[in-house]
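Residues 165 to 699 (my numbering) make up the sequence shown, in order.
Report on the following structure.
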Amino acid sequence: MASTRWMCAECDGISKAAYRKNECTAVKRRKVLADPSAYLDDMFDERRLPDAIRQKLPANGSHPLPYARLVIDAEWRDQSNPNKPSPFKDTFVNRRNNGVIAELLTPGVESPGKDWSDFYLSYGVADLLRQNVGSELTPLGTLKDDTAVEVANQPLLEGHSFAFPVPLPSEFGEPVDHIKAFKLAREGAGRGSADAAVAAAAMAWQGQGTTVDKNQAMRWYRFAADRGNVESARWIGNQYLAGTEVPRDESLGLHYLTLATNAGDSASSVSLGGYLTEHHQSLAGKTGVEWLEAAAARRVPAAYGALGYTYARGIAGKQDTGVALNWFSQGAQLGDPASQAWLCSAYSNGNPSMQRRPDYAARWCQAAARSGNVMAMKVLADKGSDIANDTNRVYWQWKVANQGDAKYQSMLGDSYDLGEGVSSDLSAATYWFRRAAEQGNASAQTSLAWHLFTGLGGRVDEYEAFTWASKAAPADVEAQRMVGVAYAYGRGVERDAEAGRVRLGKAMAAGDDWQPAISLRCTKSARSRRVTPHR
165 MASTRWMCAE CDGISKAAYR KNECTAVKRR KVLADPSAYL DDMFDERRLP DAIRQKLPAN
225 GSHPLPYARL VIDAEWRDQS NPNKPSPFKD TFVNRRNNGV IAELLTPGVE SPGKDWSDFY
285 LSYGVADLLR QNVGSELTPL GTLKDDTAVE VANQPLLEGH SFAFPVPLPS EFGEPVDHIK
345 AFKLAREGAG RGSADAAVAA AAMAWQGQGT TVDKNQAMRW YRFAADRGNV ESARWIGNQY
405 LAGTEVPRDE SLGLHYLTLA TNAGDSASSV SLGGYLTEHH QSLAGKTGVE WLEAAAARRV
465 PAAYGALGYT YARGIAGKQD TGVALNWFSQ GAQLGDPASQ AWLCSAYSNG NPSMQRRPDY
525 AARWCQAAAR SGNVMAMKVL ADKGSDIAND TNRVYWQWKV ANQGDAKYQS MLGDSYDLGE
585 GVSSDLSAAT YWFRRAAEQG NASAQTSLAW HLFTGLGGRV DEYEAFTWAS KAAPADVEAQ
645 RMVGVAYAYG RGVERDAEAG RVRLGKAMAA GDDWQPAISL RCTKSARSRR VTPHR
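The structure is reproduced here in structure tokens:
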């Protein structure tokens with residue numbers, strides 16, 4: 165049985181310790197990874213195996229390393245009967261938070277049979293990187309265990325390099341363990357894997373599984389970029405040019421953006437052209453506009469938006485709204501959210517050279533907002549705009565508010581408070597007012613204070629209400645009035661008639677027409693929040 169073997173017949177029965185010491189000449193000859201100890205215990209958890217498989221393990225406690233490391237990702241399709249079961253009778257999949265290990269044991273049939281037209285096998289190293297190569301191995305289904313394992317391992321034995329998208333720890337069935345994930349990624353990076361370096365860099369940058377170390381993260385990103393990882397080249401190029409998280413280095417930034425651009429990365433070509441245009445520089449004999457035009461010639465959507473912005477703002481020389489509109493229109497048709505957002509704003513507001521067109525604005529605002537453009541979302545969410553109806557407006561208020569924008573959290577609270585575009589829900593209104601108030605939004609603080617003073621939303625707490633009103637008072641006349649009334653009547657604070665008169669006087673001086681003889685009670689007239697108190 166192949167599960168009693170290590171990597172070949174010569175290694176049969178070798179102890180785990182001997183293997184880790186690299187004392188097996190066959191292993192050396194076959195160029196398997198030099199340090200399996202980092203993976204064996206993590207990747208092959210004997211306790212997770214079904215009893216039927218565990219019984220087949222060597223009695224001496226050694227593990228069948230080929231099975232521990234072999235990633236089998238098999239897809240079989242029977243053209244005549246898609247529901248026909250797998251040709252293998254015993255396939256065990258061990259799902260881990262850092263990859264999938266499949267234990268391919270014995271073929272259930274001598275041959276897949278004539279109905280099995282396609283059988284694909286991916287194989288490689290089962291570690292955090294899920295380094296993987298693929299090959300069509302139709303004959304594998306006819307092979308016995310030993311030969312099947314040898315065929316599957318052949319790329320490893322020949323010293324192939326492996327590349328595969330790096331999955332960070334996620335939903336593969338085990339609790340996320342960032343510390344273990346970082347350890348594996350770091351070890352992979354130390355062995356020269358660019359994919360591992362990217363994983364380790366991302367975790368070091370964010371402080372996942374390790375302390376934040378942006379200098380080390382940049383070294384790993386550069387290591388990956390220098391070995392052809394385009395995403396890393398683009399990322400560090402932008403970081404060096406921005407200089408916000410790492411020391412600014414224009415030379416390195418342009419170098420890596422050029423590296424990624426020359427590798428065919430569209431986003432890098434736009435970043436490079438935009439930077440050169442804004443800083444009135446040339447590179448390789450081309451101006452920034454020429455770099456952008458070259459990207460537009462390849463129909464890179466974002467390049468059209470960048471060119472439109474260049475002419476709209478006159479960055480490259482003369483401002484030309486007509487030329488800008490042409491570039492933005494082409495970019496919008498190609499699906500560039502920035503171009504769509506510019507048309508959204510332009511048609512929404514109008515200008516001397518462009519007629520206001522709410523219908524056009526609605527079309528492009530919706531398109532840009534659906535692509536995640538926050539500016540377009542805000543145009544649709546703003547009150548008083550005729551670009552969206554009330555229901556649609558509330559939806560976009562929620563989308564922006566849910567991203568943490570305090571202004572739109574307060575605005576959404578108003579919509580729930582007044583039942584505009586959504587059924588009135590004072591509890592929901594209070595929730596959104598509180599989220600915005602905690603971020604310092606004065607309007608929301610005033611609204612929350614009113615809800616707590618009056619019990620709108622289900623709870624009266626005059627002391628907390630007074631606290632919120634006091635925070636908002638310097639910026640909000642209604643809050644100033646509430647503080648004055650609270651002092652005058654001793655609500656949420658010790659009664660102090662003089663302090664009340666002072667506060668109410670400030671409110672009136674700021675334009676509030678409330679009369680001191682009015683008591684602090686709520687009747688729901690035009691607004692349920694911050695309603696002007698009635699006699």
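Every residue gets a Cβ at the ideal spot worked out from N, C-alpha and C, and that includes glycine.
For residue i, the residue or residues it bridges with in DSSP
i, result
"Lys450", "Leu447"
Simplified DSSP assignment, three categories, for residue i
i, result
"Asn515", "strand"
"Val538", "helix"
"Arg623", "coil"
"Thr189", "Here Thr189 scores only 37 on pLDDT, less than 50, and its place in the model should not be relied on; the value that follows carries that caveat. Three-state result, Thr189: helix."
"Arg462", "coil"
"Arg411", "Correcting the residue identity first, residue 411 is Pro in this sequence and not Arg. Here Pro411 sits in coil by DSSP."
"Val657", "coil"
"Thr631", "helix"
"Ala488", "helix"
"Val376", "coil"
"Glu442", "helix"
"Ala639", "coil"
"Gln483", "coil"
"Leu498", "coil"
"Tyr420", "helix"
"Arg477", "helix"
"Gln644", "helix"
"Gln504", "helix"
"Asp546", "coil"
"Glu602", "coil"
"Asp700", "This structure leaves residue 700 out entirely; the chain is present only between 165 and 699."
"Met672", "helix"
"Arg391", "coil"
Status (buried if at least 16 other CB within 10 Å, exposed otherwise) for residue i
i, result
"Gln370", "exposed"
"Gln109", "One cannot answer for residue 109 here, as it falls past the ends of the chain, which runs 165 to 699."
"Ser591", "exposed"
"Tyr627", "exposed"
"Gln573", "buried"
"Ala674", "exposed"
"Ser611", "buried"
"Asn537", "buried"
"Asn605", "buried"
"Ala448", "exposed"
"Glu409", "exposed"
"Gly664", "buried"
"Gln504", "buried"
"Lys547", "exposed"
"Lys563", "buried"
"Lys482", "exposed"
"Ala364", "buried"
"Pro411", "exposed"
"Ile551", "buried"
"Pro516", "exposed"
"Pro638", "exposed"
"Ser587", "exposed"
"Thr555", "exposed"
"Ala565", "buried"
Limits of the alpha helix (DSSP H) - the one that residue i falls within
i, result
"Val564", "Asp554 to Ala565"
"Ser588", "Run containing Ser588: none; DSSP gives neither H nor E here."
"Pro522", "Pro522 to Arg534"
"Gly577", "Ala570 to Leu582"
"Glu351", "His342 to Gly354"
"Ile551", "First-last for Ile551: undefined, no H or E at that position."
"Ala365", "Ala358 to Gln370"
"Gln403", "Val394 to Ala406"
"Leu612", "Ala606 to Thr618"
Expected contact under 8 Å - CB spacing of residue i and residue j to nearest Å
i, j, result
"Tyr420", "Ala389", "6 Å"
"Val543", "Ser535", "Val543 to Ser535, Cβ: 14 Å. No contact."
"Val394", "Asp429", "5 Å"
"Trp596", "Leu616", "Wrong, their Cβ atoms sit about 14 Å apart, outside the cutoff."
"Ile479", "Glu454", "Wrong, their Cβ atoms sit about 14 Å apart, outside the cutoff."
"Gly469", "Gly495", "5 Å"
"Tyr511", "Ala525", "4 Å"
"Ala466", "Val434", "5 Å"
"Arg557", "Gly585", "5 Å"
Any non-hydrogen atom of the ligand COA within 8 Å of residue i CB
i, result
"Asp640", "Among the components modelled here there is no ligand, and therefore nothing to report on the ligand COA."
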